[in-house]
Amino acid sequence: MHNVYNWHKCALCFFVQSIPYGQIAMCNTAKHPAIRNKNRFKNVLPYDHSRVKLNPNKGQIGSDYINANYIKGYQPNEMFIASHGPTTFTIKDFWRMVYEQKVCCVVMATNIMENHKKKCEKYWPDEGMTKQCGELTITNIKEIPSQDMVIRKMTIQEGEDVQELTQCHYIGWPDHGVPQMPASLIRFHLKCREFMTPGFSKGQLVVVHCSAGIGRTGTFIALDWLLQQAKYESVVDPFYCVQLLRESRMNMVQNFDQYSFLHRAVAEAIIAGNTIIKTTDIKSQISQMSTINAVAGTTFIECQFRMLQKLYPSFTSDQTGSALLKGNRAKNRGSFYPDESHRVVLTSSFPGRSDYINAVHVSGRSKKNTHVATHWPTEDTCVDFWRMLNDYQMPCVVLIRDAAMQNSYPDIVPPEEKPFDFGNLRVQSKPVCSTEGVLTQEVTIGKRSKADNDPVYCNVMAEAEFVHCIRFVHLTWPAFFAEDALGSQQILHDVTKTLEATANLISPTVVVCRDGRSWTGIFIALSSVLSSIKGSQQEVDFYCIAQRMKSCRPEFFLQLREYKAILDFMELGCEAKKC
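Numbering (the UniProt record's numbering), first residue to last: 1 to 579.
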């Protein structure tokens, strides 16, 4: 499976082009003039031999028609329905199909709107509301959102008969494209399987739809098919799988990018294993991750770590152009540079300064850009640090000093009696407070009036006009590479108390350490993990969290011990929650 990453694109392209594309079976029913408005796209039609037939209404031509096909799963008792996204004309038909076919789960792989285009009608009611579709009453009982998905628990009722339904809505998949990270879709698939497997065992079906019902829909069904094949045969055959799917519905797995992504996702799922850890059984699951993966010959933890390093190498010079400009090179500590898509761009102007700071937006477990990671400012870049806090109205900053930091790391926060002035910005500190061993401090940023004889605003002026207040958290941790530094109970305590001290603040939180990646990465990861532990879903997927983080800054978790440390902290955090 490792070799899948080394396949040349031409080879994969040859395979996918060898699979029949376009219409390969009869679609006569779909072409009837009376039902053409029931097709979202005129060139994506269901084959007659595999189309889903609704119970017909007497006297209504085409009342048994919906643009959907039966698709056989890997297991004989597993059957999918691949459908286009409901339109205004087909919402009632869609719900008729779900009810008549006794569907246990609907997998939705599209958003309502994408690139300002309607991709699918919102066919379900809002949370806590009901919707009438002909004789059927649809009730949305509960919604459970996370970063890439929303799980909706619903019921469908006709008379006295009530059926339960789960809708799994994946929101991280661009039309005609592929998700940014395979782990995100793999996690979504595992979540869907929690509802699909019990339904299949009862003879129920699963509906999968996107917009056209072929690209993203086909990729999801193929992923499920291949992972089941790997489970029972210890081999996978994507070529055969896609060919089989296209015999039932045209153009399943629509393009080369989706076919290539399918290989990546299957390989990653097999090598990394099930990365979702239930907090109710965390000790045994982490112990299981320490066993040998027969495919790779190393533990699942090591497999995950190696996969992360392979997927997220350091950014190239082409990706980090701003950091390497002549005027910006001296603003970096070390060789960790932000790429253009994640770097924090300074928006305020300042004489002699550019829009560059070595800081990146980092996504957490459930929202995008929950943190900003940056290295400790130099004497020269302190002004840029405070510009950033002011430009983005950052509500919270966590400063992590470690024992190895010497005089080259200046004080960022001014003394109470002596404010810092940066151009027209004045930074003033309030007294430090100590709560259960964690030091917090309120710092205000004000704007000063310009002096006629001071073009750079560097003289001491009258009281500044208040702009906003920032809560600083001061942490002092061991030197990062010291023995047992990552095993310190103090780390877990400090992150837990920091989350409590900043719970009422809106994201993002700025996290600062010596290099902007070591203790910063540990803090952000542990924050996301502890938030997951406290969440209602009682599960943590640190591998997925680590992927999101490394996509923003590849230098997070450069060593296996860093990755293992979070799993150890995770176990301690779960034990603390039970106390």
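We put the beta carbon where it would ideally sit given N, CA and C, even for glycine.
Using CA coordinates, which residue listed in the options is at the minimum distance from residue i?
i: Pro-419; options: Pro-410, Asp-411, Ser-429, Ile-412; result: Ser-429
i: Ser-146; options: Trp-477, Ile-91, Ser-531, Glu-417; result: Ser-531
i: Pro-198; options: Pro-182, Phe-256, Asn-77; result: Asn-77
i: Arg-187; options: Thr-166, Ala-212, Ile-400, Thr-275; result: Thr-275
i: Asn-85; options: Ile-545, Lys-53, Val-207; result: In the sequence under discussion, the amino acid at residue 85 is Gly, which differs from the Asn named in the question. Gly-85 has its Cα closest to that of Val-207, out of Ile-545, Lys-53, Val-207.
i: Thr-399; options: Ser-449, Val-512, Met-289, Pro-415; result: As written in the sequence, residue 399 is Leu, which differs from the Thr given in the question. When each option's Cα is compared against that of Leu-399, the closest is Val-512.
i: Cys-104; options: Ala-34, Glu-194, Phe-15, Glu-417; result: Glu-194
i: Phe-350; options: Phe-315, Asn-390, Glu-340, Ala-359; result: Asn-390
i: Pro-20; options: Asn-424, Leu-560, Gln-243; result: Gln-243
i: Ser-408; options: Ile-66, Phe-422, Arg-36, His-375; result: His-375
i: Val-344; options: Asn-332, Gln-537, Ala-269, Val-360; result: Val-360
i: Gly-214; options: Gln-228, Gln-258, Gln-204, Phe-569; result: The sequence given here places Ile at residue 214; Gly does not occur at that position. Among Gln-228, Gln-258, Gln-204, Phe-569, the Cα nearest to that of Ile-214 belongs to Gln-258.
i: Arg-448; options: Thr-435, Glu-442, Asp-421, Gln-441; result: Asp-421
i: residue 584; options: Thr-435, Gln-441, Tyr-392; result: There is no way to answer for residue 584, as the model of the chain reaches only from 1 to 579.
i: Lys-497; options: Phe-15, Ser-527, Lys-202, Gly-487; result: Ser-527
i: Ile-286; options: Ile-301, Asn-293, Ala-272; result: Ile-301
i: Ser-488; options: Ala-501, Ile-282, Leu-572; result: Leu-572
i: Ile-141; options: Cys-133, Gln-132, Glu-127, Ile-91; result: Glu-127
i: Val-427; options: Cys-382, Met-405, Met-26, Arg-51; result: Cys-382
i: Ala-501; options: Asp-339, Lys-534, Ser-434; result: Ser-434
i: Phe-15; options: Leu-425, Tyr-240, Lys-534; result: Tyr-240
i: Tyr-364; options: Thr-87, Arg-548, Cys-133; result: The residue you asked about is not Tyr; residue 364 is Gly in the sequence shown. Nearest option by C-alpha distance: Arg-548.
i: Ser-335; options: Arg-353, Gly-352, Phe-315; result: Phe-315
i: Gly-172; options: Gln-204, Asn-111, Lys-102, Lys-131; result: Asn-111
i: Val-413; options: Ala-404, Pro-377, Glu-436, Gln-393; result: Pro-377
i: Gly-22; options: Met-252, Gly-177, Met-129; result: Met-252
In the DSSP assignment, what are the bridge partners of residue i?
i: Thr-435; result: Val-438
i: Ser-429; result: Val-443
i: Lys-278; result: Glu-539
i: Ser-287; result: Ser-287 is not bridged to any residue.
i: Ala-359; result: Thr-374
i: Leu-475; result: Ile-400
i: Cys-469; result: Thr-444
i: Thr-509; result: His-371, Cys-396
i: Gln-167; result: Val-106, Arg-152
i: Glu-114; result: Lys-117
i: Asp-391; result: For Asp-391, which the question treats as bridged, DSSP gives no partner whatsoever.
i: Asp-421; result: Arg-426
i: Leu-136; result: Cys-133
i: Gln-157; result: Thr-137, Val-162
i: Glu-379; result: Paired residue(s): none; Glu-379 is not in a bridge.
i: Ile-292; result: Thr-299
i: Glu-143; result: Arg-152
For residue i versus residue j, is the C-beta spacing smaller than 8 Å?
i: Val-540; j: Thr-279; result: yes
i: residue 587; j: Ile-277; result: Outside the shown range of the chain, which is 1 to 579, sits residue 587, and nothing can be said about it.
i: Val-510; j: Val-397; result: yes
i: Val-473; j: Val-432; result: no
i: Ala-265; j: Leu-185; result: yes
i: Arg-387; j: Ser-348; result: yes
i: Ala-109; j: Thr-29; result: no
i: Ser-83; j: His-209; result: yes
i: residue 591; j: Phe-256; result: In this structure the chain extends from 1 to 579, so residue 591 is not present and cannot be described.
i: residue 580; j: His-468; result: Only positions 1 to 579 of the chain appear in the structure, and residue 580 is not among them; the question remains open.
i: Gly-73; j: Ala-34; result: no
i: Asp-402; j: Arg-514; result: yes
i: Val-98; j: Val-106; result: yes
i: Lys-331; j: Asp-384; result: yes
i: Val-529; j: Ile-566; result: yes
i: Gln-75; j: Gln-304; result: no
i: Gln-167; j: Ile-156; result: no
i: Ser-248; j: Ile-71; result: yes
i: Asn-39; j: Asn-67; result: yes
i: His-263; j: Leu-12; result: yes
i: Lys-102; j: Cys-133; result: no
i: Glu-268; j: Pro-174; result: no
Strictly under 8 Å for the Cβ-Cβ distance: is residue i near chain B by that measure?
i: Ile-141; result: The structure shown contains no chain B; it is built from a single protein chain.
Examine the Cβ distances between the stretch 113-124 and the stretch 229-245 and report whether three or more of them are shorter than 8 Å.
Look at the beta carbons and you see the stretch 113-124 not touching the stretch 229-245: under three pairs across the two are nearer than 8 Å.
For the UniProt domain "Tyrosine specific protein phosphatases" (186-260), which segments carrying the alpha helix (DSSP H) assignment without a break, of at least 4 residues, lie completely within its bounds, in sequence order?
215-233, 238-248
Would you check if there are 3 or more beta carbon pairs closer than 8 Å linking the stretch 133-142 to the stretch 168-182?
no
Examine the Cβ distances between the stretch 475-490 and the stretch 517-537 and report whether three or more of them are shorter than 8 Å.
yes
For the pair the stretch 498-510 and the stretch 319-334, tell me if three or more CB-CB distances fall below 8 Å.
No, the stretch 498-510 does not touch the stretch 319-334.
Would you call the stretch 149-164 and the stretch 551-558 touching, i.e. three or more CB-CB distances under 8 Å?
no
Alpha helix (DSSP H) runs wholly inside the stretch 36-106, at least 4 long, in chain order
91-100
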